[in-house]
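First to last, the sequence lines map onto chains A and B.
Going by the UniProt record's numbering, the first sequence opens with residue 1, and the numbers climb by one from there.
Going by the UniProt record's numbering, the second sequence opens with residue 1, and the numbers climb by one from there.
The structure under discussion appears below in the form of structure tokens.
There are 2 protein chains.
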Amino acid sequence: MQLLKDRIRKDGKIKAGNVLKVDSFLNHQMDTDLFVEIGKEFKRRFADCEINKILTIEASGIGIACVVAQQFHVPVVFAKKTQTKNIAGDVYTSKVESYTHGRVYDIIVSKEFLGKGDKVLLIDDFLANGKALEGLAAVVEESGAELVGAGIVIEKGFQVGGDIIRSKGIRLESLAIVDSMDEETGTIVFRGDEA
Amino acid sequence: MQLLKDRIRKDGKIKAGNVLKVDSFLNHQMDTDLFVEIGKEFKRRFADCEINKILTIEASGIGIACVVAQQFHVPVVFAKKTQTKNIAGDVYTSKVESYTHGRVYDIIVSKEFLGKGDKVLLIDDFLANGKALEGLAAVVEESGAELVGAGIVIEKGFQVGGDIIRSKGIRLESLAIVDSMDEETGTIVFRGDEA
């Protein structure tokens, strides 16, 4: 998605440790006009699919998922990262290792909102080592729902997540795949743009 | 907002301890078509105001804020609840006591995304004791930005938050104010509907 790649090149900041900061438009400050275009692109890519629910994970996936969902006219369910007293005990759970925070946490989704008959699209802002997406896929499987695919805004193509998810036979659509980036020069190479 | 009140009466569940569960459409599963109507209503109520940024708090405020923001065509910034390594050290902070989780946490907003000249609308799903909204207002004040007002989807009118926020002179627009609810009978009384 060229609009997104241009925005990443313009406003993304490459930091030590292969960190790509896009918090000026994607995951701290959020450009919802851009999100609308992202939603249209996911709708185009999954036009052949029947989807009745979008599943994401808190926190930064929620905003994108809610704007994307308006294109599909389906509800969003977000997996929560800790058990709160407002969630009933009847939940699907999975463990997720966080790359960003360096710890393992539980994700939970109420059984009320996911189950057999649901056709689910996963949406998240980033795919790096794939742990969050694997956790969401595990929750979908546990629920008996059908996993239609996963839509990712930015995939770090030099990390293992994309390969892991694709090798499981999950249809993965990433709108921008970063194959390499250079902190010194500030250059970013996107997959498909190498030639 | 009648559409919202009807939906709360239809799908809200009253639980012990004055808990109103609306997680089938507002804060776990999210009905984004309803969120669009909520966005239009906030746009109508704040039509006389100049607003260039919406500030909310993770997690359940993000989805609503992002859909509301599409009506205003302004970016959303969400306050994060813990310091992650992807946030620069240069942040505004405030302490917030969580009613739901029974603990105190820090909220942080990067100084890059809020400051003098910004005209800020706060958006959140719930207002109960007002601690989250007070924390967001403190962050806005610290930043030097102008606080235009706060838009809340559901205010628990029998808790102190609304009074505290209004007594500070903050313009508060709550789309549904629950004045009382009865766990036994399942009845909900909204402010303005008592007669």
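Don't be surprised by glycine CBs; every beta carbon is placed ideally from N, CA and C.
Neighbour flag for E141 of chain B against chain A, beta carbons, 7 Å | No, E141 of chain B does not count as interfacial toward chain A.
Which residues, in chain order, does the region 19-42 of chain A contribute to contact with chain B at a C-beta distance below 9 Å?
-> Residues of the region 19-42 of chain A that bring their beta carbon within less than 9 Å of a beta carbon in chain B comprise V19, K21, D23, S24, F25, N27, H28, Q29, M30, D31, T32, D33, F35 and V36, in sequence order.
Using 7 Å as the limit for Cβ to Cβ distance, is Q71 of chain A near chain B?
-> Not one chain B Cβ lies under 7 Å of Q71 of chain A.
Pairwise C-alpha distance: A176 of chain A and L4 of chain B = As the crow flies, the alpha-carbon of L4 of chain B is around 37 Å from that of A176 of chain A.
Could you name the residues that DSSP lists as bridge partners for M181 of chain B?
-> Bridge partners of M181 of chain B according to DSSP: B:I188.
Which residues in chain A sit within 9 Å of A59 of chain B, going by Cβ to Cβ distance?
-> Taking a Cβ-Cβ threshold of 9 Å, the residues of chain A close to A59 of chain B are E58, A59, I62, F78, K80 and K81, in chain order.
Thinking just about the alpha-carbon of each residue, which of A:R103, A:H101 and A:Y92 is nearest to the one in V109 of chain A?
-> With distances taken between Cα atoms, V109 of chain A lies closest to A:Y92.
Measure the alpha-carbon distance for D193 of chain B versus E141 of chain A and round it to whole angstroms.
-> The straight-line gap from Cα to Cα measures roughly 45 Å.
Is G149 of chain A near L121 of chain A, with beta carbons less than 7 Å apart?
-> Result yes, Cβ atoms of G149 of chain A and L121 of chain A sit closer than 7 Å.
Examine chain B for any beta-carbon lying closer than 7 Å to the beta-carbon of S94 of chain A, and answer yes or no.
-> With 7 Å as the cut-off, S94 of chain A does not count as an interface residue toward chain B.
First and last residue of the uninterrupted alpha helix (DSSP H) at E142 of chain B = Its alpha helix (DSSP H) spans residues K131 to S143.
Measure from the C-beta of V148 of chain B to each C-beta in chain A and report whether the shortest distance is under 7 Å.
-> Chain A has no Cβ within less than 7 Å of the Cβ of V148 of chain B.
Measuring only between beta-carbons, confirm whether V120 of chain A sits less than 7 Å from chain B.
-> Judged by the 7 Å Cβ criterion, V120 of chain A is not in contact with chain B.
For the alpha helix (DSSP H) that contains D163 of chain B, what are its first and last residues?
-> Start and end: G161 to S167.
With C-beta atoms as the reference, is V67 of chain B less than 7 Å away from V22 of chain B?
-> Their beta carbons are not under 7 Å apart, which means V67 of chain B does not touch V22 of chain B by this criterion.
Closer than 8 Å at the beta carbon, the chain B residues around V104 of chain A = The premise fails here: V104 of chain A is roughly 15 Å from chain B at the closest Cβ pair, so nothing lies under 8 Å.
Would you check if the region 35-55 of chain A and the region 46-54 of chain B touch, i.e. whether three or more CB-CB distances between them fall below 8 Å?
-> At 8 Å Cβ cutoff, the stretches do not touch.
When the Cα of E184 of chain A is compared with those of A:Q71, A:K13, A:R7 and A:I154, which residue comes out closest?
-> If we check each option's Cα against that of E184 of chain A, A:K13 comes out closest.
Tell me whether the beta-carbon of I57 of chain A lies closer than 7 Å to the beta-carbon of A128 of chain A.
-> No, Cβ-Cβ distance for I57 of chain A and A128 of chain A is not below 7 Å.
Collapsed DSSP secondary structure at G149 of chain A in the structure displayed = G149 of chain A: strand per DSSP, three-state reduction.
Determine the closest residue to H28 of chain B out of A:V96, A:A65 and A:G186, with distance taken between C-alpha atoms.
-> If you compare the alpha carbons of A:V96, A:A65 and A:G186 with that of H28 of chain B, the shortest gap goes to A:A65.
Hey, could you find the ends of the alpha helix (DSSP H) K43 of chain A is sitting in?
-> Unbroken alpha helix (DSSP H) run through K43 of chain A: T32 to R45.
For R103 of chain A, write down the residues that DSSP places opposite it in a beta bridge.
-> According to DSSP, which records beta bridges pairwise, R103 of chain A is partnered with A:S98.
Where does I170 of chain A sit, in a helix, a strand or coil, going by DSSP?
-> Coil, per DSSP.
Note down the Cα distance separating D106 of chain B from G135 of chain B, rounded to an integer number of angstroms.
-> Approximately 9 Å, taken between the alpha carbons.
Would DSSP call E155 of chain B helix, strand or coil?
-> The three-state secondary structure of E155 of chain B, taken from DSSP, is strand.
Is the Cβ-Cβ distance between I123 of chain B and I54 of chain B less than 7 Å?
-> The Cβ atoms of I123 of chain B and I54 of chain B lie closer than 7 Å to each other.
Measuring only between beta-carbons, confirm whether residue 197 of chain B sits less than 7 Å from chain A.
-> Look at the range of chain B in this structure, 1 to 195, and you will see that residue 197 of chain B is not part of it.
For G157 of chain B, which residues from the same chain have a beta carbon less than 7 Å from its beta carbon, with the 5 sequence-adjacent residues on both sides left out?
-> Excluding its 5 nearest sequence neighbours in each direction, G157 of chain B has C-beta neighbours in its own chain below 7 Å: I177, V178, D179 and R191, listed in chain order.
Find the residues of chain B that neighbour E112 of chain A, judging by a C-beta separation of less than 9 Å, and give them in chain order.
-> Within 9 Å Cβ-Cβ: D23, S24, H28 and Q29.
Using a beta-carbon distance below 7 Å, is V67 of chain B in contact with chain A?
-> Yes, V67 of chain B lies at the interface with chain A (some Cβ there is under 7 Å from its Cβ).
Does the beta-carbon distance from Q71 of chain B to G39 of chain B come in below 7 Å?
-> Yes. Within cutoff.
Alpha-carbon spacing of K15 of chain A relative to S24 of chain A, whole angstroms = Approximately 14 Å between the Cα atoms of the pair.
Should T187 of chain A be labelled buried (16 or more other beta-carbon atoms within 10 Å of its own) or exposed?
-> So T187 of chain A ends up on the exposed side.
State the DSSP-derived secondary structure class of F126 of chain A, mapped to helix, strand or coil.
-> DSSP, read as helix, strand or coil, puts F126 of chain A in strand.
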